[in-house]
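So the number in my numbering is just where the residue sits in the sequence shown, counting from 1, plus 702.
Only one structure is covered here, and it is reproduced in the block below.
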Amino acid sequence: MWRSLCRAKRDERGAVAVFTAAMMVILLPVSALAIDLGMERVTRADLQALADVVALDLARELTGKTQAQLAAEGNFASSSSAVRKSAARNGNDLLGNDLSMNVDWGSYVSGVWNTATDPPTGVKVTATADTDYSFKGGEGAVTRTAYAVASSSACYRMGTFVAAVNSGDSTVLSPLNGLFGANLTLVSYQALAAAKIKLGDIAAVSSIGSPTALLTGTVNYTTLLNAMVTVLSNQGGNSVAVGALNQIVGGSGTVGAINLGNVLHVAPTDTAALAMDLDVLDIVGSARLANGNYFLEVPNIQGQVPGIGNQFSGGLTLISAAQLACGRPNLPESQAKNSQLSGNLAVDFINLPSLSIPQFATLLTEKGTGTIAVNLADGTGQLVSPPDVHCGAATVADPHSMSVRVQTLPASYSLSADLVVNGDVKILDLVGIGLTSLLLSLGLPILGNGKLAIHVEVNLTVSTAAAATTSTANLRLPPNDTTPVQTGTSVLLPTSIVPRIDKVTIGGGLAPILSSTSLTNKIINELINANNGFVQKTLYPFIDNINNQFIGPVARMVGLRFGGADVYAVGATCAQPALWG
């Protein structure tokens, strides 16, 4: 028994070795294949990375050049070409060998490659390399493709605080000082308009911290102003502007947190826009209005105008401010809006002059009320393409260029005066102007020396209106960095009066308005044309004050146009490479 067991164990020796040898026959080829596949995968990854980098490099050549001008840069056979230099610079770590690259210029839009586009806006790089197989023997070809485009972006502004100040318009001082809670001179505001600052420099101040903190969420207005003081002080040569900013800081405590991104449409990652020089006054003013509505203080527009009461009711608000937008064409990032001024302001007319109508009667203007109604609606700008943003030398001979589509909503601006005219008129005088039939229809006498009481309600309106419009501002830089492309007109009340009769009573009876024109025309003529009448003595001087001391200066302060906008070019950046596939 024992010998039988021992003999059985000796018979199993060598079985494992046989099994192992059999498995090695299977595993070694599989392992070799896995290694070769791994090498090919590494080559594929390396080649894709190289194709991406080369495509990005070549995209920098897309500055408006034609296909013919770019052909040499995409010739891989030439050691001096851009593609060859980029491959040599970036391909040292490529695992494969026998590298070759084919370059195609064109456009890449919505995933569709078009090789016919000229001048091209995109580049397609097809890279091929061989992988040597370690176990299998021979080699395998690997091909990878990359697409890159050169995007262009631009910055523009809808309106500005700078233009009126630089023109020496002292009428904007009052609304500016009211806005900032300061008492600055025109010279101080001109210093703020002349001072330049970069958003990137503001963001780098420790109290702000980053472009994201500056342009997203909220930042305290006083903190922003102090950061700007720091930047301007470090620049040197800005003592007047720094002094003016410090005064504005003194009145900024009530403003609190603002959302600067509401009025400066700049992405925190847009390094080109962050590095552009911007006017300090535009940033300070736009930021002050960043939270929405600003209730306008009413200046002494009744001053030196007889017949205007001292009390106003209602109010006008300035909504938003001149806005900056930076971004690529046809995208929401490159939209901007100008200011909006709206509201109603009511006023009483007092101590109104009597109406001495020659050879007729003397009537009293017993009551008068007025309403200033303003609706200067939003204007929206959108950077558009075509035509493409062009980056020139920023000279008169070769300016940057961009196009902005400007859309405005309907706008209206009016001053309406409602007057009540009363008095007693002789019956014979009423008959004398052809009102016999009217008097009879009202059951009133047409004979005798008596008088009849008349009551006439008159509306006098001056107004201007603009329909919704769409236009394109084709900007050049220069000159449109300082001289805007303007749409619409200046914000001014006209002086053309449109009269309307709302009610006529004679002898207590309600008279048809169309049958009373011989009476009402005399009243309207006296109100409008008499040298000492209501329009000449009160309404026209009041309109002048509104235009020159109130609405006009506010509109000029922010560059607001009626039915349009002032559009300024700020800067342009071209050939910003980006991988799109």
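Virtual Cβ for every residue (Gly too), placed ideally from N, Cα, C.
Keep in mind it's a predicted model, so treat the numbers as computed, not measured.
Of all C-beta pairs linking the stretch 1018-1029 to the stretch 1042-1050, three or more are shorter than 8 Å, placing the two stretches in contact. Looking at the backbone, the Cα of Leu1026 and that of Ser812 are separated by about 28 Å. Taking C-beta separations shorter than 6 Å and ignoring five residues to either side along the sequence, the partners of Val1133 in its chain run Ile1148, following chain order. Here the alpha carbon of Val825 sits roughly 6 Å from the alpha carbon of Tyr849.
Taking every protein chain shown into account, the CB of Ser912 has fewer than 16 other CB atoms within 10 angstroms, so this residue is exposed. A distance below 6 Å between beta-carbons, with the five flanking residues on each side excluded, links Asp1183 to the following residues of its chain, in chain order: Ala1271. The secondary-structure analysis by DSSP pairs Lys826 across a beta bridge with Asp806 and Tyr849. Per the C-alpha coordinates, the member of Val744, Ser855, Ser788 and Arg762 positioned closest to His1102 is Ser855.
Contact between Glu1068 and Asn1124 holds: CB atoms are separated by about 5 Å, below the 8 Å threshold. Comparing alpha-carbon positions, the option among Gln1188, Ile1203 and Pro1031 lying closest to Ala1119 turns out to be Ile1203.
By the criterion of a C-beta distance shorter than 6 Å, Leu966 is surrounded in its chain by Leu1026, once the five residues flanking it on both sides are discounted.
The C-beta distance from Val1256 to Ile1199 rounds to 24 Å, too long to meet the 8 Å contact threshold. With 16 or more neighbouring CB atoms inside 10 Å of its own CB, Asp748 falls in the buried class. When the alpha-carbon of Gly1083 is set against those of Ala1095, Gln1109, Glu775 and Asn1233, the nearest one is in Gln1109. With fewer than three CB-CB distances shorter than 8 Å, the stretch 916-931 does not count as touching the stretch 1001-1008. Contact annotation: the stretch 783-791 does not touch the stretch 872-887, with fewer than three C-beta pairs closer than 8 Å. Taken through DSSP and simplified to helix, strand or coil, Ala1099 comes out as coil.
Counting C-beta pairs closer than 8 Å gives fewer than three between the stretch 1046-1063 and the stretch 1088-1098, which falls short of the contact rule. In the DSSP assignment, Ala884 falls outside any beta strand (DSSP E), carrying neither H nor E. Excluding five sequence positions before and after Gly1152, the CB atoms of its chain that fall closer than 6 Å to its own CB belong to Ile1129, given in chain order.
In this structure Val907 touches Val933 by the C-beta definition: roughly 7 Å separates them, less than 8 Å.
The Cβ neighbour count for Arg990, taken over all protein chains shown within 10 Å, is at least 16; the residue is labelled buried.
Of the residues assessed, Pro822 falls on the buried side of the cut-off, its CB having 16 or more other CB atoms within 10 angstroms. Listed in chain order, the beta strand (DSSP E) runs fully inside the stretch 879-958 are 898-900, counting runs of at least 3 residues. For Ala992, the closest of Val942, Pro1001, Val921 and Leu947 by C-alpha to C-alpha distance is Val921. By the Cβ test, the stretch 882-899 is in contact with the stretch 980-989, since at least three Cβ pairs between them sit closer than 8 Å. One thing to note: Leu1179 has its Cβ no nearer than 8 Å to the Cβ of Ala1277. The C-beta of Phe997 has fewer than 16 other C-beta atoms within 10 Å across all chains shown, which makes the residue exposed. Excluding the 5 residues flanking it on each side, Asn940 has same chain C-beta neighbours closer than 6 Å at Ala897 and Leu934, in chain order. Fully enclosed beta strand (DSSP E) runs of no fewer than 3 residues occupy 1057-1059, 1063-1078 and 1081-1086 of the stretch 1052-1100, in order along the chain.
Straight-line measurement puts the Cα of Glu1035 at about 14 Å from the Cα of Leu976.
Within the same chain, Cβ atoms closer than 7 Å to the Cβ of Phe882 are found at Ile950, Gly953 and Arg990, the five residues on either side in sequence being excluded. In this chain, the beta strand (DSSP E) harbouring Gln1025 covers Gln1025 to Gly1029. A Cβ-Cβ distance of about 16 Å is found for the pair Ser1192 and Ser1116, leaving them out of contact under the 8 Å criterion. By the Cβ-count criterion, Gly1136 is exposed, with fewer than 16 other Cβ atoms from all chains shown falling within 10 Å of its own Cβ.
With fewer than 16 other Cβ atoms from the protein chains shown falling within 10 Å of its own Cβ, Arg791 counts as exposed.
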